[in-house]
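Student:
Number of protein chains: 2
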Amino acid sequence: MFGFSFRQRKPNSAQTAKERLQILLAHERTSNSGPDFLPLLQRDILEVVRRHMDVDGDAVDIKLERSDDLSSLEINIEMPGSGKTALKRLG
Amino acid sequence: MFGFSFRQRKPNSAQTAKERLQILLAHERTSNSGPDFLPLLQRDILEVVRRHMDVDGDAVDIKLERSDDLSSLEINIEMPGSGKTALKRLG
Numbered sequence: 001m002f003g004f005s006f007r008q009r010k011p012n013s014a015q016t017a018k019e020r021l022q023i024l025l026a027h028e029r030t031s032n033s034g035p036d037f038l039p040l041l042q043r044d045i046l047e048v049v050r051r052h053m054d055v056d057g058d059a060v061d062i063k064l065e066r067s068d069d070l071s072s073l074e075i076n077i078e079m080p081g082s083g084k085t086a087l088k089r090l091g
Numbered sequence: 101m102f103g104f105s106f107r108q109r110k111p112n113s114a115q116t117a118k119e120r121l122q123i124l125l126a127h128e129r130t131s132n133s134g135p136d137f138l139p140l141l142q143r144d145i146l147e148v149v150r151r152h153m154d155v156d157g158d159a160v161d162i163k164l165e166r167s168d169d170l171s172s173l174e175i176n177i178e179m180p181g182s183g184k185t186a187l188k189r190l191g
């Protein structure tokens, strides 16, 4: 639709198998719209992710880009352990 | 890095100018990892977005895809009005 496109990666080889989470946000605005709220969403979304996963602060990589009519935010998170250890209890 | 790639769209023409938000999540898992938590994140993230924006239920389009080692979630939100009317008070 807009902003991003899906691109499936090649499967991991065994020795690099890790848990990763990537979150991309694209906010398409009209030129006269209000303030950019992606930085606020960034904070809230990271809080939500931490509810479900153990996330090391160093393992979060964030990129924010802005132009007149499009703001985009990319959050890449690498989990400290692989598999079940990285997931908190669900529910 | 993985999962998605950025793709900037052409600017809107005036008559189609609208506020839009796209959120993409890609969760790359090892094959022996625990349950898929993207459906839970979906609920929480939509809640977070609604804190900042007026979102009409009909204006939310969600796609969830799963394979053995990658789950992806695409949320497309179209704001009911353009510009400031769609944004709630920030702060």
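So the protein lines, in turn, are chains A and B. The numbers in my numbering rise by one with no breaks, and the one at position 45 of the first sequence is 45. Count along the second sequence starting at 1, add 100, and that's the number in my numbering. Just so you know, even glycine gets a beta-carbon here, dropped at the ideal spot from N, CA and C. Here the structure is a predicted model, which means the values were calculated and not measured.
Does I145/B get closer than 8 Å to chain A when you measure Cβ to Cβ?
Tutor: For the purposes of this step, residue 145/B is taken as residue 45 along the second sequence, with counting starting at 1. It does; some Cβ of chain A falls within 8 Å.
Student: For chain B, find out if any of its Cβ atoms is closer than 8 Å to the Cβ of V48/A; answer yes or no.
Tutor: Walking along the first sequence from the start, residue 48/A turns up at place 48. By this cut-off, V48/A is an interface position.
Student: What's the call for E147/B, buried or exposed, on a 16-neighbour Cβ count within 10 Å?
Tutor: As a working mapping, residue 147/B is identified with position 47 in the second sequence. The residue in question, E147/B, is exposed, as its Cβ has fewer than 16 Cβ neighbours within 10 Å.
Student: Kindly say whether R66/A, judged by its beta-carbon, lies nearer than 8 Å to any beta-carbon of chain B.
Tutor: Taking the first residue of the first sequence as 1, we reach residue 66/A at position 66. Closer than 8 Å: no.
Student: Taking the straight line between their C-alpha atoms, what separation do you get for S71/A and E178/B?
Tutor: On the first sequence, position 71 is the one that residue 71/A refers to. On the second sequence, position 78 is the one that residue 178/B refers to. Approximately 15 Å, taken between the alpha carbons.
Student: Please classify I162/B as buried or exposed, where buried requires at least 16 neighbouring CB atoms within 10 angstroms.
Tutor: As a first step, residue 162/B must be located in the second sequence, where it is residue number 62. Exposed.
Student: Should R43/A go down as buried or exposed, given a rule of 16 or more other Cβ atoms within 10 Å for buried?
Tutor: The sequence position of residue 43/A within the first sequence is 43, counting from 1. Looking at its Cβ environment, which holds fewer than 16 other Cβ atoms inside 10 Å, R43/A is exposed.
Student: Rounded to a whole number of angstroms, what is the C-alpha to C-alpha distance between L121/B and V55/A?
Tutor: Locating residue 121/B in the second sequence gives position 21, where the first residue counts as 1. Locating residue 55/A in the first sequence gives position 55, where the first residue counts as 1. Distance between the alpha carbons of L121/B and V55/A is about 25 Å.
Student: With 8 Å as the threshold, decide whether the Cβ of A26/A is near any Cβ in chain B.
Tutor: Within the first sequence, residue 26/A is the residue found at index 26, counting from 1. It does: the Cβ of A26/A has a partner Cβ on chain B nearer than 8 Å.
Student: Going along chain B in order, which residues have a C-beta closer than 9 Å to the C-beta of I23/A?
Tutor: Indexing the first sequence from 1 puts residue 23/A at position 23. By Cβ distance, chain B contributes I123, L124, L125, A126, L141 and I145.
Student: Do we get a CB-CB distance below 8 Å when we pair M101/B with the residues of chain A?
Tutor: Translated into positions along the second sequence, residue 101/B becomes position 1. Since pLDDT at M101/B reaches only 45, below the 50 mark, its modelled position is unreliable, and the value read off the structure follows with that caveat. So, interface residue.
Student: For a test of the three-state rule: what should DSSP assign to M1/A, helix, strand or coil?
Tutor: Walking along the first sequence from the start, residue 1/A turns up at place 1. With a pLDDT of only 45 at M1/A, under 50, the local geometry of the prediction cannot be trusted, and the value read off the model is given with reservation. Coil at M1/A, not helix or strand.
Student: So, are the CB atoms of L138/B and L164/B less than 8 Å apart?
Tutor: For the purposes of this step, residue 138/B is taken as residue 38 along the second sequence, with counting starting at 1. For the purposes of this step, residue 164/B is taken as residue 64 along the second sequence, with counting starting at 1. It is a contact, given that the beta carbons lie within the stated cut-off.
Student: Check for me: the beta strand (DSSP E) holding V160/B runs from which residue to which?
Tutor: Translated into the one-based positions of the second sequence, residue 160/B becomes position 60. V160/B -> beta strand (DSSP E) spans V160 to R166.
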